[in-house]
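A.B. asks: Under UniProt numbering, the first residue of the sequence shown carries the number 1, and numbering increases by one thereafter.
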Amino acid sequence: MKTSIIIPTYNGANKILNALKSLEKLTRKPDEVIVVVDGSTDGTAEIIRSSDLSLLGFRMIEQANSGRATVRNRGATEAKGDLLVFMDDDIIVPEKWLSAHLEHHISKKNSLLVGKLESPKTELAGEFILFENWQNKKWNKDLTHTSEEEVLLKTPYISANNFSISKDLFFKLGQFDYRLNDAEDYDLAVRAFQENYPIYISSKAYAYHFDFGLKNFKSYIKRIRQYREAQEKLINFKPELYGDKAQNERFPVNPSGIKSKVFKLFANKYWIKAAEQGYLKWLPRDIRCRIYDIVVTANGRFFPEKVAL
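1. Determine the extent of the alpha helix (DSSP H) in which Val190 is found, giving its start and end residues.
2. Kindly list the residues whose CB is nearer than 6 Å to the CB of Arg301, restricted to its own chain and excluding five residues on each side of it in sequence; keep chain order.
3. Identify the continuous beta strand (DSSP E) that holds Gly115 and give its terminal residues.
4. Using the rule of at least 16 other Cβ atoms within 10 Å of the residue's Cβ for burial, across every protein chain shown, is Lys15 buried or exposed?
5. Which of the three DSSP states is assigned to Ser159 in this structure?
6. Given this structure, state the Cα-to-Cα distance separating Glu123 from Phe210, to the nearest angstrom.
7. In the DSSP output, what is Met87 paired with across the bridge?
8. DSSP on Glu240, reduced to helix/strand/coil?
9. Ignore the nearest five residues each way along the sequence and tell me which others in Ile106's own chain have a CB closer than 7 Å to its CB.
10. Do Leu98 and Arg28 have their C-beta atoms closer together than 7 Å?
11. So the candidates are Asp293, Phe131, Gly75 and Arg285; which of them puts its Cα closest to the Cα of Gln63?
12. Taking the straight line between their C-alpha atoms, what separation do you get for Lys261 and Ala308?
13. According to the neighbour-count rule (16 or more other Cβ atoms, all chains shown, within 10 Å of its Cβ), is Trp282 buried or exposed?
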């Protein structure tokens, strides 16, 4: 089974080489690595061209800025491999990462595999990184409800920065929806579930996520608001999947009663500042991370209109 690794990048000059260098250390070498430069203005393509990369089957494609869904679709269209393995330009993979993806698809054909993500300790260490690590562990636990290395998911989920799918199945499902700039991976997962194609999540296919766009709570809240807007687009674009009753099943609804009052209390600039400045450090780590979770949910998803960022 031939493998094609697809990496979209937009203004990734400060990170793309780290991602590519990690691929050079893989024990199982890919047959092809495709980087699609999506109209970058920071010299990303020039940096790649002037590098000393030694990846076999490496190709770089440049195109006008079109958004994440379109750029990933372009990479898939150009790919020659049987297996498409998607990663982002801020991902660092361990040596056996590709082997884990490949082994899964050899034994479980016509399925999708999502690799778990870990947040590395960086120079940005602080309350936000602490919360991000806590949240990643919570998400992984919520998704799998087990510590097994590979689990069949019961609800639709894909993280497009670390997942794999056969090229045939990717196009059978209709690729990523080019109209979406966010939540395009979730939409693909929903369509896979609708067609009864299983999605697995694997701790063996883990990777490190250096999310350069998320440096603090405020930027994370902005990201949540963008995702909320993308969900509203999904409802408008595909009411048969996401509208009416499906909307309540697919997406969280605003809280009511006492729960609503609690979230409104935390929808306040003070709580964002308290998180940023570490005012709650005196509390046990788990308790303050739970508070941070309420703060970002209140200001990002439920009551974004209450606080301008």
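For each residue, glycine too, the CB sits at the ideal point set by N, CA and C.
C.D. replies: In short:
1. Your numbering for residue 190 matches position 190 in the sequence shown. Glu184 to Gln194 is the span of the alpha helix (DSSP H), which, as asked, contains Val190.
2. Here the question's residue 301 lines up with position 301 in the sequence shown. So the qualifying residues of the chain are Ile224 and Arg228.
3. As a working mapping, residue 115 is identified with position 115 in the sequence shown. First-last of the beta strand (DSSP E) with Gly115: Leu112 to Glu118.
4. Translated into positions along the sequence shown, residue 15 becomes position 15. Under this definition Lys15 is a buried residue.
5. Numbered from its first residue, the sequence shown carries residue 159 at position 159. Correct three-state label for Ser159: coil.
6. As a working mapping, residue 123 is identified with position 123 in the sequence shown. As a working mapping, residue 210 is identified with position 210 in the sequence shown. Unreliable placement is indicated for Glu123, whose pLDDT of 49 sits below 50; the coordinate value is still reported in the next sentence. Using only the alpha carbons, I get a separation of about 11 Å.
7. Numbered from 1 along the sequence shown, position 87 holds the residue referred to as residue 87. Per DSSP, Asn162.
8. Counted from its first residue, the sequence shown places residue 240 at position 240. Three-state result, Glu240: helix.
9. Position 106 of the sequence shown holds residue 106. Once the five neighbours on either side are set aside, the close Cβ partners of Ile106 are Met1.
10. What you label residue 98 is simply residue 98 of the sequence shown in a count that begins at 1. What you label residue 28 is simply residue 28 of the sequence shown in a count that begins at 1. Cβ atoms of Leu98 and Arg28: closer than 7 Å.
11. Looking up residue 63 in the sequence shown gives position 63. That would be Gly75, whose Cα lies nearest to the Cα of Gln63.
12. In the sequence shown, residue 261 corresponds to position 261, counting from 1. In the sequence shown, residue 308 corresponds to position 308, counting from 1. Approximately 19 Å, taken between the alpha carbons.
13. Walking along the sequence shown from the start, residue 282 turns up at place 282. By the 10 Å Cβ count, Trp282 comes out exposed.
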